[in-house]
Structures are given as C-alpha cells and as structure tokens.
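In my numbering, the protein residues as written are 136 to 557. Where a beta carbon is used, it is the ideal one built from N, C-alpha and C, also for glycine.
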Amino acid sequence: MSNEALQAVRGMNDILPDEAGLWLWFEEVVRDWLHSYGYRNIRMPLVEPTDLFKRAIGEVTDIVEKEMYSFADALNGDQLTLRPEGTASCVRAVLQHNLLYNAPQRLYYSGPMFRHERPQKGRYRQFHQFGAEALGFAGPDIDAEQILMCARLWKTLGLPDVMLQLNTLGDAAARHRHRAKLIAHFEQHKDALDADATRRLHTNPLRILDSKNPAMQDLIAGAPKLMDELEEDALRHFDEVQAILRRHDVPFEINPRLVRGLDYYNRTVFEWVTTRLGAQGTICAGGRYDGLVEQIGGKPAPATGFAMGVERLLALLQDNGMALPRHELDVYVVHQGELAGQLASRVAEQLRDDKKRVVLHCGGGSFKSQMKKADASGARVALVIGDDEAQADEVGVKPMQGGEQERVSVRNLTATVNKFIK
Numbered sequence: 136m137s138n139e140a141l142q143a144v145r146g147m148n149d150i151l152p153d154e155a156g157l158w159l160w161f162e163e164v165v166r167d168w169l170h171s172y173g174y175r176n177i178r179m180p181l182v183e184p185t186d187l188f189k190r191a192i193g194e195v196t197d198i199v200e201k202e203m204y205s206f207a208d209a210l211n212g213d214q215l216t217l218r219p220e221g222t223a224s225c226v227r228a229v230l231q232h233n234l235l236y237n238a239p240q241r242l243y244y245s246g247p248m249f250r251h252e253r254p255q256k257g258r259y260r261q262f263h264q265f266g267a268e269a270l271g272f273a274g275p276d277i278d279a280e281q282i283l284m285c286a287r288l289w290k291t292l293g294l295p296d297v298m299l300q301l302n303t304l305g306d307a308a309a310r311h312r313h314r315a316k317l318i319a320h321f322e323q324h325k326d327a328l329d330a331d332a333t334r335r336l337h338t339n340p341l342r343i344l345d346s347k348n349p350a351m352q353d354l355i356a357g358a359p360k361l362m363d364e365l366e367e368d369a370l371r372h373f374d375e376v377q378a379i380l381r382r383h384d385v386p387f388e389i390n391p392r393l394v395r396g397l398d399y400y401n402r403t404v405f406e407w408v409t410t411r412l413g414a415q416g417t418i419c420a421g422g423r424y425d426g427l428v429e430q431i432g433g434k435p436a437p438a439t440g441f442a443m444g445v446e447r448l449l450a451l452l453q454d455n456g457m458a459l460p461r462h463e464l465d466v467y468v469v470h471q472g473e474l475a476g477q478l479a480s481r482v483a484e485q486l487r488d489d490k491k492r493v494v495l496h497c498g499g500g501s502f503k504s505q506m507k508k509a510d511a512s513g514a515r516v517a518l519v520i521g522d523d524e525a526q527a528d529e530v531g532v533k534p535m536q537g538g539e540q541e542r543v544s545v546r547n548l549t550a551t552v553n554k555f556i557k
C-alpha cells in the first residue's frame, strides 16, 4: 500500500474553517429570506436513479450526455447518479410522498450538486446550490414573485451590478413549430455549423441558439424567433410577469436567446447575471416547468422554480469587499494544576449554560504559553485559574482588549463575564 499523501478529487473542494464562517453567515441569511416568503425546507438524497435525470433533464442535454456522475451499484446493479441539479429530485420527492394532494407547495433545499466539468473559477465538479420550487401555482404572479424574491436578496446582500434577463419559451405546440423552423434554417446553412451545432441539429436545436462560437453569431441572429410562434395565452402570461416587475421597479432585459440548458422549461425563464465573474456570470437562474410533474410520473401540475450557485455568490460578495467573518469566541479558560483543571472544567460548563462560547485549554503548558493561545483565539475574556484560585473557589478574569485582571468568586463569575461581553 502506497504512503503517498491523498488529495481531494479534482474540482471537489474543501471548505476550511476560515472560509466556513462566510458560508454559515450566507446560509443563515438565505434561509431567513426563504422563510419570509413562506418556503419550507425539503431534503432529498444525493443519489437518485439515473433514469430520473434522463427523463427530467433530457437525454440530449450536455448534463446527461457529458456531465453526470453515473454508476452501477456494485451490490445490486441499480443505475444511480449523483444529483446534477435539485429540481428533478424535489419533484420526485413531492410525487412519491403525495405532497400536492390538498395544497400547492413552496419548498426549498440546499446542498451539493455534481457535474463532471472542467474545473475553473465559479464552476466546480462538486458545487453548492440553494433551490426554491413552487408547485401547483399556474399564474404569472408566482413567476414574478420568485423574481422579486431574488431582487430582495441581492439588495439584502448589497450586491451591485446584477442584471435580470428574461424570456419566454411558450408552450409545447409553439416550441414544436419553432423547432421545425430552426432545423430547416440551420440545414440550409449546414456548412456554417460547428461540430457541436451539427450534433445538436436534430436532437436539441434550441441549444444551438446558446452557442458562444463567434463564427456562428450572424447565422444565429437570423434564425427564426420563438416569440413569433407564441400563442395568445402564453404571450398574455409573459406580459403580466413583465407588468408585475415594472410595478415593483425591477429592471430587466428581454433576451430572446435565453433558452436554459434543461429540457423541462416552458413559458417564463430568467437568469440573474453579473459582469464581475468573467465567463461564469450567471449567479441564479430558473423558470416555469409545467410539464415536468407529468413527465416523471405524476398528474399534470404547474410548477416554477430557481436555483442559485453558492460559490459564485460568495465570490461576488468577496469581490464587492466583504471580509470573511471572524470566528467569535467569548471566553478562553487558562489553568494549571490538578485542582485548577477540575474547577476550569466546571466553570467552562457553567458559562456554556449561559450560552457563552468557551474554549477550555487542553494540553498543559505554562501560563505564559496558554495566554498566547488565548490571545490568538480572539476571545474577549480569558479566565486564569491556578490551584490557589481553585482552593478559594475563585477565578481570575482578564479582559483581552485591555484592562486589569480581577479575581472573582465562581458564584459571581457569570455576571462579571457578562460585563465584558455586551
């Protein structure tokens, strides 16, 4: 067996304690924001049947064709996949547990997703998302509310330079008409298609519109427009979404080339984008997916949702000058001697009963070396206990930001510590 040091899997990153403080702060802000709109937490497995994602996302999407971590369970041969996104899992859970039987649902989830991509800033093989799904709501009001939710979060986080792009994909009949016209258009210019577009031509021609190849931009600009195929009901739905956003002074840009990378979307689709993160500028995206519930085995039900990339949002926050929150510690307990150790353990628990964050020094050492550790810990107060203090049932209280050490009885310790930690 090799003794070579093992490394994390490429593109799957450790989040170290100095960074984790920002994650914990962000997660708390986002949970409070979701709760303020009536969303409730749901938690799904990391591993799902591979067929779930093939049926939901589409077999000819990049995710299914190139990016999923799929494998056969060695014990029973089941085909399994590490979830590449959360919507399909959430809808599967809603159907399996019959959550829509008597009321629509506003649900949210968070956690890691997995895609086998080339790792780069803002794009990792294990990445983290918050997702929100509203199931059972058919009207444009819920589409607009989800966009308004996001606008509120950016304001809460103090994020500048975040722009909303909006589009509609209409309904299935309009998309089928548009698909036929797209194929005919691109077939007339086959020589101008790159390898990726040629591969997609008859399987997913809508994704050709999303190509970043500079040589194809004129061809794409001249392609038939889905908007020209939309029926009155879908147009009215889209107009009402826009009207609600205007009433709330949320600026947006209609981007007819915004198609999203998943097959299940219809009608409203949106992305929040920034110019501050280079090529990985989308920080949040979503839209309506009315056909998905039926597609994976349920009775037809309307639905809409979005997901945001945690790594990208944290990178944006740091780019905007947000410092990493420091680990807050109230008390560091320094002690030397057997009796002192027993008292130190007792007073540490006493202070934790009072909701204080306390580190009890472990590992021995001189008072001087222990005080260095107390100083480095960032604690606001050090407690100093020797056997003399322990015999008198007293503790030395030293404010770390300056001030004289005072000796107090254990009985008065909590009140004395509270005086320095206001």
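For this session: Kindly identify the DSSP beta-bridge partner or partners of W407.
Result: In the sequence shown, residue 407 corresponds to position 272, counting from 1. Bridge partners of W407: L299 and C419.
Problem set entry | Classification of G305 by the beta-carbon crowding that lies within 10 angstroms, buried from 16 upward | By 1-based counting over the sequence shown, the position of residue 305 is 170. Burial call: buried.
Problem set entry | 4 or more residues per run - each alpha helix (DSSP H) lying fully within the region 447–498 | 473–488
Problem set entry | Straight-line gap, F455 to K557 (C-alpha atoms, nearest Å) | Within the sequence shown, the letter at position 320 stands for residue 455. Within the sequence shown, the letter at position 422 stands for residue 557. Reading off the sequence, residue 455 comes out as Asn, not Phe. If I take the Cα positions, the gap works out to 30 Å.
For this session: Could you tell me the boundaries of the alpha helix (DSSP H) in which Q261 lies?
Result: Within the sequence shown, the letter at position 126 stands for residue 261. Counting along the chain, Q261 falls outside any alpha helix (DSSP H), though it belongs to the beta strand (DSSP E) covering Q261 to L270.
For this session: Under the assumption that W158 contacts I150 (Cβ atoms under 8 Å), give the Cβ distance between them as a whole number of angstroms.
Result: Here residue 158 refers to the residue found at position 23 when the sequence shown is read from its first residue. Here residue 150 refers to the residue found at position 15 when the sequence shown is read from its first residue. Between I150 and W158 the Cβ distance is about 6 Å, and since that is below 8 Å, they are a contact.
For this session: Apply the 10 Å Cβ neighbour rule to F441 and answer buried if 16 or more other Cβ atoms are within range, or exposed otherwise.
Result: Translated into the one-based positions of the sequence shown, residue 441 becomes position 306. Answer is buried; the Cβ neighbour count reaches 16.
Exercise. Taking the C-alpha atoms as reference points, what is the distance between P247 and R542?
Worked result: By 1-based counting over the sequence shown, the position of residue 247 is 112. By 1-based counting over the sequence shown, the position of residue 542 is 407. Distance between P247 and R542, taken at the CA atoms: about 49 Å.
Problem set entry | 8 Å CB neighbourhood of A238 in its chain, flanking five on each side removed | As a position in the sequence shown, residue 238 is number 103, starting the count at 1. If we look at A238 and ignore the five residues flanking it on each side, its Cβ neighbours are G271.
For this session: Return yes when the Cβ of L452 is within less than 9 Å of the Cβ of L294, no when it is not.
Result: In the sequence shown, counting from the first residue as 1, residue 294 sits at position 159. In the sequence shown, counting from the first residue as 1, residue 452 sits at position 317. Inclusion of L294 and L452 in the CB contact set at 9 Å is warranted, their separation being smaller than that value.
For this session: From the DSSP output, in three-state form, read off M147 for me.
Result: Looking up residue 147 in the sequence shown gives position 12. Correct three-state label for M147: coil.
Exercise. Can you tell which of N390, R487 and K201 has its C-alpha closest to the C-alpha of R253?
Worked result: Residue mapping note: residue 253 aligns to position 118 of the sequence shown, counting from 1. Cα-wise, what sits closest to R253 is K201.
Exercise. With distances taken from CA atoms, which of N211, A228, Q261 and G476 is nearest N176?
Worked result: Position 41 of the sequence shown, counted from the first residue, corresponds to residue 176. Per the Cα distances, A228.
Exercise. Expressed to the nearest angstrom, what Euclidean distance is found between the alpha-carbon atoms of L548 and E162?
Worked result: By 1-based counting over the sequence shown, the position of residue 548 is 413. By 1-based counting over the sequence shown, the position of residue 162 is 27. One C-alpha to the other measures close to 34 Å.
Exercise. In whole angstroms, what is the alpha-carbon distance linking G513 and L464?
Worked result: Counted from its first residue, the sequence shown places residue 513 at position 378. Counted from its first residue, the sequence shown places residue 464 at position 329. Near 6 Å, if we compare the C-alpha coordinates of L464 and G513.
Exercise. Among T409, G432, G416 and Y400, which has the Cα closest to the Cα of R423?
Worked result: Here the question's residue 423 lines up with position 288 in the sequence shown. Selected option, being the one with the closest Cα: Y400.
Exercise. For the candidate residues L181, G156 and Y172, whose alpha-carbon lies nearest to that of Q264?
Worked result: Position 129 of the sequence shown holds residue 264. Taking only the C-alpha atoms, the option nearest Q264 is L181.
Exercise. Helix, strand or coil for L336 per DSSP?
Worked result: If you number the sequence shown from 1, residue 336 lands on position 201. In this structure, L336 counts as coil in the three-state DSSP scheme.
For this session: Check Q430 in the structure and name its three-state DSSP category.
Result: As a first step, residue 430 is located in the sequence shown; it is residue number 295 there, counting from the start. Helix.
Problem set entry | Which of helix, strand or coil DSSP assigns to E541 | On the sequence shown, position 406 is the one that residue 541 refers to. In the structure shown, E541 sits in a strand (DSSP, three-state: E or B).
Exercise. Are the region 430–439 and the region 307–317 touching, with three or more C-beta to C-beta distances below 8 Å?
Worked result: Contact fails: fewer than three Cβ-Cβ distances are below 8 Å.
Exercise. Which whole runs of the beta strand (DSSP E) in the region 500–531 are 3 residues long or more, in chain order?
Worked result: Runs of the beta strand (DSSP E) lying entirely within the region 500–531, each at least 3 residues long, are 516–521 in chain order.
Exercise. Does the distance from the CB of A525 to the CB of V469 come in under 9 Å?
Worked result: Mapped onto the sequence shown, residue 525 falls at position 390. Mapped onto the sequence shown, residue 469 falls at position 334. Cβ distance not < 9 Å, so A525 and V469 don't count as in contact.
Problem set entry | Span of the alpha helix (DSSP H) around V229 | Position 94 of the sequence shown, counted from the start, is the residue given in the question as residue 229. V229 -> alpha helix (DSSP H) spans T222 to Q231.
For this session: Tell me whether E364 is buried or exposed, calling it buried when 16 or more other Cβ atoms sit within 10 Å of its Cβ.
Result: Numbered from its first residue, the sequence shown carries residue 364 at position 229. Under this definition E364 is a buried residue.
Exercise. With DSSP run on the structure shown, which of helix, strand or coil describes L157?
Worked result: Position 22 of the sequence shown, counted from the first residue, corresponds to residue 157. DSSP places L157 in helix when its eight states are reduced to three.
Problem set entry | Counted within 10 angstroms of its Cβ, other Cβ atoms place H496 as buried (16 or more) or exposed | Translated into the one-based positions of the sequence shown, residue 496 becomes position 361. When all chains shown are included, H496 counts as buried.
For this session: Confirm, please, whether the CB-CB distance from P275 to H383 is below 9 Å.
Result: Here residue 383 refers to the residue found at position 248 of the sequence shown. Here residue 275 refers to the residue found at position 140 of the sequence shown. No, they are not a contact pair.
Problem set entry | Candidates A279, E367 and A269: closest to A309 by CA position | By one-based count along the sequence shown, residue 309 stands at place 174. For the residues A279, E367 and A269, the minimum Cα distance to A309 belongs to E367.
For this session: Report all residues from its chain with a CB closer than 6 Å to the CB of L336; omit the five preceding and five following residues, and keep chain order.
Result: Within the sequence shown, the letter at position 201 stands for residue 336. F321.
Exercise. Where does A273 fall in DSSP's three states?
Worked result: Here residue 273 refers to the residue found at position 138 of the sequence shown. If DSSP states are grouped into helix, strand and coil, A273 belongs with coil.
Exercise. Shorter than 9 Å from the beta carbon of T410 to some beta carbon of chain D?
Worked result: Protein chains in the displayed structure number just one, and chain D is not present.
Exercise. With 16 other CB atoms within 10 Å as the buried threshold, where does K256 fall?
Worked result: Residue mapping note: residue 256 aligns to position 121 of the sequence shown, counting from 1. Counting Cβ neighbours within 10 Å, K256 comes out exposed, since fewer than 16 surround it.
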